[in-house]
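Enquirer: Structure provided below as C-alpha cells; questions to follow.
Encoded structure:
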C-alpha cells in the first residue's frame, strides 16, 4: 500500500548534505557502502526481526558500520559516531516525508469493501510507528482487521501471523488472497498454507533472475485487484 520511494536516490541526496565531512570519499562510494551493509543486515531473518522493531537504531547501525568499513579499506580514520547518527537521522526524516500511498490504494480498498470483501492489514515492525502510519494514511476504517507485529507479538513470515489474520476474518486459506511486495512474506510463506499469493510489483522490477518463487499472480497496480 505504501510507496517508500527509491532508497538509493534518498541516500544520494542525504549523503550529499554531509559530503564535506566524509572526505576524501566520493558520495557514490559512501552510498554504495551503506547499501551493501544494509543488504547484509536485512538478508538474515534473525537480524531482520531484531532490527525492524528499532528502525531508527538500525539505520544508525548501518551507516556507522558502512562508514567504518569504507574508511578501514582506505586506511582512513573512522568518522565520529555523531556524524554517522546525523546522516542516518536525516535519512529517516527524508524517508518518512516522502512516504506515499501507491496510486489507487484508497480507491481499491474502498471498492473491495463495497463489494463485501473482508480486508486485513498484516504488517511487521514496532507498534507505535506502524500504528502512526495507519492513522496518517487513513487506513483504520478501511480494514476489518489490523494486525501489527509489535502489537501482537508475531509477524510475517511466521505461520501464526497468517492464521491469526484469517481467524479474525472468519475465513480459511482457500478463501484468502495475500497481496504484498515481499516474495518471502507474501508469496512463499502464504503458499505453504494454501493461500493464493499475489506479488505486488509496484516498481515494475520483475522477479529476480532464476528465482524459484512463483507467485499465483503478479500485479503492477492495486486497481488490478478489482473485478
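Numbering (this note's numbering), first residue to last: 3 to 229. By construction, the Cβ of each residue, glycine as well, lies at the ideal position given by its N, Cα and C atoms. All values reported here derive from a predicted model rather than from experimental measurement.
(1) Note down, in chain order, each residue of its chain lying with its Cβ closer than 7 Å to the Cβ of residue 110, except the 5 sequence neighbours on either side.
(2) Measuring alpha carbon to alpha carbon, tell me which residue in 174, 185, 86 is nearest residue 214.
(3) Please go through the same chain and pick out, in chain order, the residues whose beta-carbon is closer than 6 Å to the beta-carbon of residue 62, but skip the five residues on each side of it.
(4) What are the residues that DSSP puts in a beta bridge with residue 180?
(5) Compute the Euclidean distance between the alpha carbons of residue 246 and residue 139, then round it to the nearest angstrom.
(6) Just confirm the distance between the C-beta atoms of residue 127 and residue 151, as a whole number of angstroms; I'd bet it's less than 8 Å.
(7) Select from 84, 37, 98, 59 the residue whose C-alpha is nearest the C-alpha of residue 72.
(8) Rounded to whole angstroms, what is the Cα-Cα separation between residue 41 and residue 22?
(9) Would you list the one or two residues that DSSP bridges to residue 147?
(10) Just verifying my parser: in three-state terms, what is the DSSP assignment at residue 102?
(11) By a C-beta neighbour count over all protein chains shown, 10 Å radius and 16 as the cutoff for buried, is residue 187 buried or exposed?
(12) Can at least three beta-carbon pairs, one atom from the stretch 187-203 and one from the stretch 155-165, be found at a separation below 8 Å?
(13) My output table needs one value for residue 237: the three-state DSSP class, helix, strand or coil.
Expert: Looking at the coordinates:
(1) One-based indexing of the chain shown puts residue 110 at position 108. Once the five neighbours on either side are set aside, the close Cβ partners of residue 110 are 224, 225, 227, 228.
(2) Here residue 214 refers to the residue found at position 212 when the chain shown is read from its first residue. Of the candidates 174, 185, 86, the one whose C-alpha sits nearest the C-alpha of residue 214 is 185.
(3) For the purposes of this step, residue 62 is taken as the residue at position 60 of the chain shown. Answer for residue 62: 87, 90, listed in chain order.
(4) On the chain shown, residue 180 is found 178 positions in, with the first residue counted as 1. Answer is 199, bridged to residue 180.
(5) With the chain covering only 3 through 229, there is no way to say anything about residue 246.
(6) In the chain shown, residue 127 corresponds to position 125, counting from 1. In the chain shown, residue 151 corresponds to position 149, counting from 1. Correct: roughly 6 Å between the Cβ atoms.
(7) Along the chain shown, read from residue 1 onward, the residue named residue 72 stands at position 70. Per the Cα distances, 37.
(8) Your numbering for residue 41 matches position 39 in the chain shown. Your numbering for residue 22 matches position 20 in the chain shown. Each residue's Cα considered, the two are about 26 Å apart.
(9) If you number the chain shown from 1, residue 147 lands on position 145. The partner list for residue 147 (beta bridge, DSSP) reads 122.
(10) For the purposes of this step, residue 102 is taken as the residue at position 100 of the chain shown. Residue 102: strand per DSSP, three-state reduction.
(11) As a position in the chain shown, residue 187 is number 185, starting the count at 1. Residue 187 comes out buried.
(12) yes
(13) Outside the modelled stretch of the chain, which goes from 3 to 229, sits residue 237, for which no answer is possible.
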